[in-house]
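J.: Handing you this structure, nothing more for now.
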DNA sequence: CCAGCTCCCGACCCTTCGACTCAGGACCCC
DNA sequence: GGGGTCCTGAGTCGAAGGGTCGGGAGCTGG
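Residue numbers (the working numbering), protein chains in the order written: chain E, 1401 to 1555; chain A, 1401 to 1555.
In structure tokens:
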């Protein structure tokens, strides 16, 4: 049960992957992503607002509106997504920006230096993995692709 | 606020470091560690039970009892400690041992494979850092050392 | 041989946080 | 201008984190 990632991060990754994989450039709507990825649409909305603020997503309202990536999939990393949904990588509070949480022993604590060091490495690691890589993998495995058609068919 | 480590892990690391650094082989008592590291003794007790079960610590009761390392500091890694206090490294529930938590989409989810992969790498990374390295660093920085004397001086 | 020291065990408590849900407003397009 | 879509902020519920406590078990020095 150690160091779990929040669902916001996981869903965020899956959602961005979904857009990159299924979209042909048109805005993708929450209800479609929600259906394909089995994520509550209300919750997705909330997550997407964070991703927007982080500059990863753009949006358009009204009929045939939706969300779209603001960068190439190869330029969006897991690190970006996790930082957007959960904040900066800090394994430990000791040296956080939050003044309430700073450890009073910080200065003579060898551990604190180590933790910040590790946190940085962790961030670098996540920054080395892009959404494009996930798409690549999905393609190899043969995940079915669902294209967003510009026209809607009424049955 | 991403992926925070629990205090159990952090305190566990500091406590084991404390024993390795200050002890001359004699059992170290909770009250001393608690004083030097500023950790609630009651809470430390709880953590030490986990470290014992994991085979990292041994103990002796009664007067002049205490806890001692069961391995060389160079053979105790951060990974060992974190696993002992928080369980296995799993960034994500999808593929955990806990059957209740397995993600139903596991099989066709490219992400799940990625998460387990990253979890493994994370564990490997923490296993590459030992308590001995922390001691080394403390020595360099010149952290004061307090020896446990076999005899008590009454003032 | 026993008093007191230390570890041992399990239950308990309180606060915070994660994971959603919801009501209603703002835009947009046809 | 009406229905579809995104936007905003508040509210809820349960779980988990972080810590406390009472009392028992084993040891040992006097």
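For every residue, glycine included, the Cβ atom is placed at its ideal position computed from N, Cα and C.
Check for me: the alpha helix (DSSP H) holding residue 1440 of chain A runs from which residue to which?
T.: That residue, residue 1440 of chain A, is in no alpha helix (DSSP H); it is neither H nor E in DSSP.
J.: What is the C-beta distance between residue 1486 of chain E and residue 1402 of chain A, in whole angstroms, given that I count them as a contact (C-beta under 8 angstroms)?
T.: At roughly 4 angstroms, the Cβ-Cβ gap stays under 8 angstroms, so residue 1486 of chain E and residue 1402 of chain A are in contact.
J.: Among the candidates A:1482, A:1431 and A:1474, whose CA atom is the shortest distance from the CA of residue 1465 of chain A?
T.: For residue 1465 of chain A, the nearest C-alpha among the options comes from A:1431.
J.: Is the CB of residue 1473 of chain E under 8 angstroms away from at least one CB in chain A?
T.: Not one chain A Cβ lies under 8 angstroms of residue 1473 of chain E.
J.: So residue 1483 of chain E contacts chain A; which residues on that side make the cut at Cβ distance below 9 angstroms?
T.: The contacting residues are 1402.
J.: Does residue 1486 of chain E get closer than 8 angstroms to chain A when you measure Cβ to Cβ?
T.: With 8 angstroms as the cut-off, residue 1486 of chain E counts as an interface residue toward chain A.
J.: By a C-beta neighbour count over all protein chains shown, 10 Å radius and 16 as the cutoff for buried, is residue 1418 of chain A buried or exposed?
T.: Result: buried.
J.: Looking only at its chain, what residues have a beta carbon closer than 6 angstroms to the beta carbon of residue 1437 of chain E, apart from the 5 residues adjacent to it on each side?
T.: Excluding sequence neighbours, residue 1437 of chain E sits near 1414 and 1418.
J.: Kindly indicate which residue of A:1542, A:1429 and A:1472 has the alpha-carbon position closest to the one of residue 1455 of chain A.
T.: Residue A:1472 is the option with its Cα nearest to residue 1455 of chain A.
J.: Which first and last residues belong to the beta strand (DSSP E) in which residue 1470 of chain A is found?
T.: Segment: none, residue 1470 of chain A is in no beta strand (DSSP E) and carries neither H nor E.
J.: Is the beta carbon of residue 1493 of chain E sitting closer than 8 angstroms to the one on residue 1522 of chain E?
T.: No. Outside cutoff.
J.: Using the Cα positions of residue 1542 of chain E and residue 1416 of chain E, report the straight-line distance between them to the nearest angstrom.
T.: Going by the C-alpha atoms only, they are around 18 angstroms apart.
J.: Would you report the Cα separation of residue 1451 of chain A and residue 1447 of chain E, rounded to the nearest angstrom?
T.: Going from the Cα of residue 1451 of chain A to the Cα of residue 1447 of chain E covers about 38 angstroms.
J.: Nearest chain A C-beta to residue 1454 of chain E closer than 8 angstroms, yes or no?
T.: Not closer than 8 angstroms to any Cβ of chain A, the Cβ of residue 1454 of chain E fails to qualify, so no.
J.: Using a cut-off of 8 angstroms between C-beta atoms, extract the partners of residue 1489 of chain A located in chain E.
T.: The answer, in chain order, is 1402 and 1403.
J.: Find the nearest neighbour of residue 1470 of chain A within the set A:1481, A:1458, A:1477 and A:1479, judged by alpha-carbon distance.
T.: Among A:1481, A:1458, A:1477 and A:1479, the Cα nearest to that of residue 1470 of chain A belongs to A:1458.
J.: Determine the chain E residues that contact residue 1534 of chain A at a beta-carbon separation under 9 angstroms, and present them in chain order.
T.: Per Cβ cutoff of 9 angstroms: 1510, 1511 and 1514.
J.: Starting from the C-beta of residue 1555 of chain A, find all residues in its chain whose C-beta is less than 6 angstroms away, skip the five residues before and the five after it, and write them out in chain order.
T.: For residue 1555 of chain A, the predicted structure reports a pLDDT of 30, less than 50, and the residue's modelled location is therefore unreliable. A value from the coordinates is still provided. Cβ within range, chain order: n/a, list empty.
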